[in-house]
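Contents: one structure, followed by commentary.
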């Protein structure tokens, strides 16, 4: 499956396919507003602000598989926007592991391996995708977003 054929849904219920991001570098992140790593939202927003005018998009996908997310996508997005100033697209709450995993995360984890093999071990796992839809790398939850901005810059 090609990443651009995958359909995703924004927190407001609007669905679209990732083909609207052809020609853009994407950073895809599974998030959780109640996670101890939630302060990463600030650095993610900083990356987005720095590179959004250079064909870069950051996509947040809340997940409650680690029991650290609120009950609805609207509530999660509202928390991200009010507490951390997030302006990048936030999506519906999705599963990132197992049989119920969203097709996007099935593809991302098939193409990259983490500490626990394919499985995502925690919130704030980050996936960098180049302008041609190639999944370049996976960053661990504890890898701070600003620590890999040079890697983003290199593929822009």
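In my numbering, the protein residues as written are 121 to 276.
Note that CB positions come from ideal geometry on N, CA and C, so glycine has one too.
query, result
"I think residue 171 touches residue 149, with their Cβ atoms under 8 Å apart; what is that distance to the nearest whole Å?", "Wrong, their Cβ atoms sit about 14 Å apart, outside the cutoff."
"Smallest Cα separation from residue 123: which of 251, 216, 276 and 174?", "251"
"On the CB-based measure, 16 or more other CB atoms within 10 Å of its CB, does residue 187 come out buried or exposed?", "exposed"
"Would a C-beta distance cut-off of 9 Å place residue 276 and residue 175 closer than the cut-off?", "yes"
"Please name the residue or residues paired with residue 258 in a DSSP beta bridge.", "247"
"Using alpha carbons as the reference points, say which of 183, 135, 128 and 138 lies closest to residue 214.", "183"
"Sort 192, 222, 147 and 138 by Cα distance to residue 269 and report the nearest one.", "147"
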